[in-house]
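Numbering (this note's numbering), first residue to last: 6 to 130.
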């Protein structure tokens with residue numbers, strides 16, 4: 006049933022999907038998939054900018070250096086869960102929203118890379 010197409014959508018076998026998920030999908034330019042720290046950093050930066058707040062302001066609220074927060078936002082530093090919670094609190098962004106946005110960005114990125122288009126896939130057991 007792998008890759009069966011129909012007018013209603015696409016059906017994917019879980020076992021096949023799991024095997025292909027273990028193999029990193031490279032983009033047309035040969036780049037590796039984005040790391041979770043890069044996605045979270047991007048979301049935190051977008052939220053901070055949407056609030057018109059400076060790196061310095063948020064870093065001071067959290068109690069970290071401006072340089073460290075900048076590196077977290079650029080995905081160069083792996084922030085601990087405690088640090089992510091502190092930054093989320095400073096931005097009044099529920100941690101659950103950070104996680105949900107991260108999942109959406111990862112999923113959208115993967116779907117576009119593997120299928121070439123955004124869409125909904127029906128998975129059958």
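Beta carbons: idealized from backbone N, C-alpha and C, even for Gly.
Tell me where the alpha helix (DSSP H) around residue i begins and ends.
i, result
"residue 95", "86-95"
"residue 53", "41-55"
"residue 81", "Looking at the DSSP string, residue 81 is not in any alpha helix (DSSP H), and its letter there is neither H nor E."
"residue 65", "60-67"
Who are the near neighbours of residue i in its chain, counting only those whose CB is closer than 8 Å to its CB and skipping five residues on each side?
i, result
"residue 90", "100"
"residue 40", "80"
"residue 61", "71"
Taking residue i as the reference, give the member of the options with the closest Cα.
i, options, result
"residue 85", "97, 69 and 96", "69"
"residue 102", "40, 51, 38 and 39", "51"
"residue 42", "57, 74 and 65", "74"
What did DSSP end up calling residue i once you bin it into helix, strand or coil?
i, result
"residue 130", "With a pLDDT of 43 at residue 130, under the threshold of 50, the predicted position of this residue should be treated as unreliable, though the coordinate-derived value follows. Correct three-state label for residue 130: coil."
"residue 100", "helix"
I'd like the list of long-range same chain contacts for residue i, defined as Cβ closer than 7 Å, with 5 residues on each side in sequence excluded.
i, result
"residue 44", "107, 110 and 111"
With a threshold of 6 Å on Cβ separation, who are the neighbours of residue i within its own chain once the five nearest residues in sequence on each side are excluded?
i, result
"residue 82", "76"
"residue 66", "95"
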